[in-house]
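In our numbering, the protein residues as written are -13 to 205.
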Amino acid sequence: MASTETATAPPRGILIAIEGLDRAGKSTQCALLVERLQQSGHKVRLQKFPDRTTTIGTLINSYLTSATDIDDHTIHLLFSANRWELAHSIRTDIAAGVTVVLDRYMYSGVVFSAAKGLDYEYCRGPEVGLPRPDVIVFMDLDEGEAAKRGGFGEERYEVPEVQRRVREMFRMMRGDERDAGDWGVVDAGAEVGVVAERVWGVVERGVEFARGNELRSIQ
Ligand code: FDM
Ligand code: MG
């Protein structure tokens, strides 16, 4: 029997964003998720933001490590430019059937800058048109649990007052109707394997969504 499968375009990849508070375990869960997706037959790659390996990423790194001071608006636009310089490769991969896991994305971009006092709409502006994730996993950690996980590192923003405002901004942003339906909140205050199961539950929703829908753009 002749197969029609060769004529059918491969299903597109899925765009998955992992977001959340510092120390929620994002990077650990990203690694586990990549592994699990591979075991389920996905071609998959991880994309970390900020991506510190590019020329713009070098500037961002020097800002985050406090080696340089950069004006709030300027650094905001550099974080966004860092996404734009990689947006084309993300779209190309998704179209070719490669699933892309984003360790932070424009949601961190908006909330960290808005937490410093920049206008929320201003912060969102430069992100409009970027590839829109099929699903966003938000790793939530309550303040008490976060405190138990020990001190911060040396980087800018790793101070309790900033983290508190970031948490508030994330809560506000999860209500933005332009991203309606995208968020899945996961309680990250459990053992790694338990959290991984919860993350997988949200990701499955994204896989289902991507089956019947084109990749969208941030509005
Ligand atoms: N951050 C991250 C921003 O302020 N804007 C952004 O667009 C992104 C992607 O950079 F404090 C902040 C969030 C965090 C810092 O993140 C570096 P990592 O995950 O620790 O590298
Ligand atoms: Mg960090």
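Beta carbons are placed, not taken as given, at the ideal position from N, Cα and C, and that holds for glycine.
Let's see if you can read the secondary structure: which residues bound the alpha helix (DSSP H) around residue i?
i, result
"THR14", "12 to 25"
"ILE116", "Looking at the sequence shown, residue 116 is not Ile but Leu. No alpha helix (DSSP H) holds LEU116; DSSP gives it neither H nor E."
"PHE98", "92 to 101"
"THR41", "41 to 50"
Assign residue i to one of three DSSP states: helix, strand, or coil.
i, result
"ARG202", "strand"
"SER(-11)", "Confidence in SER(-11) is poor, its pLDDT being 48 and thus under 50, which makes the residue's placement unreliable; the coordinate value appears in the next sentence. Coil, per DSSP."
"PHE124", "strand"
"LEU104", "coil"
"ARG69", "helix"
"ARG197", "helix"
"ILE56", "coil"
"ARG77", "helix"
"ARG(-2)", "coil"
I need the boundaries of the beta strand (DSSP E) containing residue i, first residue and last residue.
i, result
"GLU5", "1 to 6"
Going by the DSSP bridge assignment, what does residue i pair with across the sheet?
i, result
"LYS29", "VAL84"
"GLU89", "For the sequence presented, residue 89 should be read as Asp rather than Glu. Per DSSP, ILE4, LYS34."
- Only counting runs of 3 or more residues, tell me where the beta strand (DSSP E) segments fall wholly within the segment 126 to 190, in order along the chain. 169 to 173
- Query: Are there three or more Cβ pairs, one per stretch, closer than 8 Å when the segment 159 to 174 is compared with the segment 68 to 79?
  - Reply: no
- Message: Between the segment 78 to 86 and the segment 43 to 63, can you find at least three pairs of beta-carbon atoms closer than 8 Å?
- Response: In this structure the segment 43 to 63 does not lie against the segment 78 to 86, because fewer than three pairs of beta carbons, one per stretch, are closer than 8 Å.
- Item | Cβ pair count under 8 Å reaching 3, the segment 58 to 66 against the segment 95 to 112 | Proximity of the segment 58 to 66 to the segment 95 to 112 meets the contact definition, three or more beta-carbon pairs being nearer than 8 Å.
- Looking at C-beta atoms only, is the number of pairs between the segment 176 to 191 and the segment -1 to 17 that lie closer than 8 Å three or more? With the cut-off at 8 Å, the segment 176 to 191 and the segment -1 to 17 touch.
- Item | Three CB pairs or more closer than 8 Å across the segment 141 to 157 and the segment 19 to 35 | Not touching, per the Cβ criterion.
- Task: Decide yes or no for the touch test of the segment 107 to 115 against the segment 27 to 35: beta carbon pairs closer than 8 Å, at least 3 of them.
- Result: no
- Query: Is the segment 169 to 180 touching the segment 48 to 58, taking contact as three or more C-beta pairs under 8 Å?
  - Reply: no
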